[in-house]
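Participant:
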Amino acid sequence: MGQSSIGNQINSIYKDLTNLEVNTIVKKNITGRKMPEARIALMDIANKYISKFLELDIELDLNGSKPGSFKSFEVIRQKARHINLHPGEYEKDPEVDEGELIIFQRVQLISDQILGAMDAAKSRGIEGWDNDFERSDLVGGYVPFDLEAQELVLIRKAWELGVEEIVMQTLIQLDGDVITRIKPEIAQSGKSALHKVHNESITVSVNFWKELVGIVRNFVTGFVKK
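Residues in the sequence shown are numbered consecutively from 16, following our numbering.
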């Protein structure tokens, strides 16, 4: 990898460190498993999105594309975009409330980003850039997927968030601005335990953030000297 490429990746990582995002999600059940390698993670993400459509009885035709492939995310993106542009067609359904519609905004945004990452992989000449595989093709084998750091971060965040509903979110900017969003029913319920968990998560994240910024700063200093 050339110095120019390394420099670009350092710059990208630095930009990612200019803000910190802490999300709190309430979930009925937790698998506790770690994210698999990127190709399988993309399949997991696509399947979570597809399941959300099916859960709300929203028709989704993948046109024969494999979940996790470039084509599947194109279909998912187009359907989520249609929902976002025409919410009136869905919000009348008792199973689809405002919170569900917001999740489809996330589905569209992340699908856009994943498609962009796959396009970038294609431009770098990566074999299998479109991830057009069955899960059975990958289990027990290994098909390299040479993604850049920011692309892996994108996939990890998408895999972790899935279609879960975020009940509390705090954004901390490098200039000191702090924005916290809380669902009204959580803010009014007096759920102190949930607030405590969120606040502790912020503390842990900020401490780790400081250390990470220091590591990147020292690395950049050494890189520039070389």
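Quick reminder that beta carbons are idealized off the backbone N, C-alpha and C, glycines included.
Nearest-angstrom Cα distance between Gly83 and Phe160?
Facilitator: 13 Å
Participant: Decide yes or no for the touch test of the region 168-177 against the region 139-146: beta carbon pairs closer than 8 Å, at least 3 of them.
Facilitator: Judged by pairs of C-beta atoms under 8 Å, the region 168-177 does not touch the region 139-146, as fewer than three such pairs exist.
Participant: Does DSSP put Arg139 in a helix, in a strand, or in coil?
Facilitator: The answer is coil: DSSP assigns Arg139 none of H, G, I, E or B.
Participant: Nearest-angstrom Cα distance between Glu104 and Met50?
Facilitator: Using only the alpha carbons, I get a separation of about 35 Å.
Participant: Let me know if Ala53 comes out buried or exposed under the rule of 16 or more other beta-carbons within 10 Å of its beta-carbon.
Facilitator: buried
Participant: Going by DSSP, which residues form a beta bridge with Glu36?
Facilitator: Leu186
Participant: From Glu175 to Pro109, what distance separates their C-alpha atoms?
Facilitator: In this structure, the alpha-carbon of Glu175 lies about 27 Å from that of Pro109.
Participant: Please list the segments of the alpha helix (DSSP H) lying wholly inside the region 71-122, counting only runs of 4 or more residues, in order along the chain.
Facilitator: If we require 4 residues or more, the alpha helix (DSSP H) runs fully inside the region 71-122 come out as 85-100 and 103-106.
Participant: Taking buried to mean at least 16 other C-beta atoms within 10 Å of its own C-beta, is Lys211 buried or exposed?
Facilitator: exposed
Participant: Grouping DSSP H, G and I as helix and E and B as strand, with all else coil, what is Arg196?
Facilitator: Note: Arg196 maps to strand in three-state DSSP.
Participant: Hey, would you say Thr39 sits closer than 8 Å to Ser216, going by beta carbons?
Facilitator: yes
Participant: In whole angstroms, give me the CA-to-CA distance for Leu69 and Leu75.
Facilitator: 8 Å
Participant: Note down the Cα distance separating Glu113 from Leu100, rounded to an integer number of angstroms.
Facilitator: 14 Å
Participant: For Gly177, which residues of its own chain have a beta-carbon under 6 Å away from its beta-carbon, when the five flanking residues on both sides are left out?
Facilitator: Lys63
Participant: Could you give the residue range of the alpha helix (DSSP H) that holds Lys172?
Facilitator: Ala164 to Leu176
Participant: Is it buried or exposed for Ser126, if we count other Cβ within 10 angstroms and need 16 for buried?
Facilitator: Ser126 is buried by the Cβ-count criterion.
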